[in-house]
Structures are given as structure tokens and as C-alpha cells.
């Protein structure tokens, strides 16, 4: 699961960059050097989530069996770590491919600004990888720190923490990449507006990552505070239901916020004199788009602490 899911997103993203580079070279064969450099940089950064997944996958394979916990609990730890990093890296891998593809097209469109376009691409890709980094942290905590609880409660915590983190990181990884792609495309058309376009991109990507932070919060609550959870099917069900709520509830808002950010970056690049209006509209739209992620977080917390 770790490398299978994590490598899937990175492969798609790197393929998107290569496909756009090929199309760009047909239009601008004289700029093949710049295009090849941009493609390779975009692919190298876009492949980072698969490296995170590879590291966790190798740890899962070679981690010594923990004799202090039951076999089923140890197996649940491995499954949870695989789900966390696999799903978390899937979204970021695809997301990193979007600005890389946009940068290749932009270099063909505006070769004189290839350095600036590549720099914006790299900044956008770095932030699009944030959800995969969150997921890797949760996976490492699962592998190396003791679980709270015993029996079915411990099994539920291990698997549910992985689902909460991994699923909630899927949408933000893609959405953050959509925003970066819009910023790079807008900058290629209107390079003079780069400062305000990059500012809008950074703010949008920070908001896109919020559902992943909600998922990480719920995962941390499970891993560090659920010491008194009853070791029965009831305890297992509580953590599993909370994970489904916050994990699935974060996918839509992450992608939705990315769609808002993508159009805002393009509009800001075209009309930088209206950047305050564009930013305000984007923030309002993203706040409303985030409401369902907040509802999901509330439900998850109620399940864990009230029900």
C-alpha cells in the first residue's frame, strides 16, 4: 500500500510534465534545452512523495517484530502506516505534476522568462508536498512509538490514524497543485505580475492544506490521548468512524479550494491592479468551501469524545 499508492500519484504527475514538455518542444524546438531542464526539475521534485513512500515501505518490510504487542496489533500498525503514507503521497504526486506541466507549457510560450517560471513551479511544488510530509510523519509515529490502548482499541487506533491522515491529505495535495498550476500559467502570460501572483498562490495553498491538518490533528488525538478507550468492537468502531468522517470529509474541500485558487491566480496575473479584490473573493470562496471539512472534523471529535 505504501509504495503502490504513493508511487501511483508521482508516476501520473511526472507523466503529465513529460507529456506537456513534448508538446512544448513541438512548438519551440529551439528551446529544447530550457524545456528539458524544466521538465527534469519538475519530475525530480514531483517524485519526492514516492521516495517518502519508498522509505516507509522499506521500514515496514525490515522493521523488527515488536514482541511487546500482540501480532494483530503490530499488523495493524503496519497497515496504518501504509495507508497514511500511500494515500497522502498519492494526492501530492498528482498535485506536483500540475505546476510542472504548466511550467513546460509556459517556457514554450514565454522562453525569456524560463528561470522565473521554473522558480515559481518549484515553490508551488514544495507546498503541494506538505500533505505528503504530514502523512510521512504520522506513518513514522505509528512505526516507532507505542500505541495507546490494547486489543481491538489499539488495532482501531493504528488503522484509523492512517486512514484519517492519508485520506484527508489526498484532496489538499491535488488542490494545492491546481493552485500552483494556475499561478505558473498566469505568470507565463503576464510575467510582470509575478509578485502578486505568487503571493496569491502561497495564501491559497496554505488554505488548501487545512483539511490535511484536520486529519493530522485527529490522528494525533488517537495516537496520543486515547489511552482509556475500551478494548472492544465499540472502541474500534469509534476510531474507525471518526477516521472515515475526517478523512473522506477532507477530500472535497481540498480539491474545491484548489479550484478557487487556480482561477484566482490566473485572474490576478491578468489583472494585478485588482489583486485585493481577487484575494478577498478567493478567501471568502475558500472559507465556504472549507465548511464541510469543518463539519467532518466536528463529527469526528464528537464520535471520539462524546458518543
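Numbering (our numbering), first residue to last: 19 to 325.
The beta carbon of each residue, even a glycine, is placed where N, CA and C say it ideally should be.
None of these values were measured; they are calculated from a predicted model.
CA-to-CA distance, residue 195 to residue 272, given in whole angstroms | Rounded to the nearest angstrom, the two C-alpha atoms are 10 Å apart.
DSSP on residue 101, reduced to helix/strand/coil?
-> Here residue 101 carries a helix assignment [DSSP, helix/strand/coil].
When we look at the beta-carbon of residue 44 and count the other beta-carbons within 10 Å, is it buried (16 or more) or exposed?
-> Counting the other Cβ atoms within 10 Å of the Cβ of residue 44 gives fewer than 16, which makes it exposed.
Beta-carbon proximity check, residue 286 vs residue 202, cutoff 8 Å = Not closer than 8 Å, so no.
Going by C-alpha distance, which of 267, 141, 158 and 154 is nearest residue 185?
-> It is 267.
C-beta contact flag for residue 190 and residue 230 at 8 Å = Yes, Cβ-Cβ distance for residue 190 and residue 230 is below 8 Å.
Of all the beta strand (DSSP E) runs that stay within the bounds of the region 194 to 280, which reach a length of 3 or more residues?
-> None, since the region 194 to 280 contains no complete beta strand (DSSP E) of that length.
Residues of its chain near residue 226, where Cβ-Cβ distance is below 7 Å and the 5 sequence neighbours each way are ignored = 190, 193, 194, 197, 272, 275, 276 and 279.
CA-CA distance, residue 3 and residue 269?
-> The question about residue 3 has no answer here: the residues shown for the chain are numbered 19 through 325.
Under 8 Å by Cβ, that's how I've got residue 140 and residue 63 pegged, so tell me the actual separation to the nearest angstrom.
-> That pair is a contact at about 6 Å.
Check whether the Cβ atoms of residue 187 and residue 153 lie closer than 8 Å to each other.
-> Taking 8 Å as the Cβ cut-off, residue 187 and residue 153 qualify as a contacting pair.
Assign residue 320 to one of three DSSP states: helix, strand, or coil.
-> If DSSP states are grouped into helix, strand and coil, residue 320 belongs with the helices.
With burial defined as no fewer than 16 other Cβ atoms inside 10 Å of the residue's Cβ, what is the status of residue 5: buried or exposed?
-> Residue numbering for the chain in the displayed model covers 19 to 325; residue 5 lies beyond these limits and cannot be assessed.
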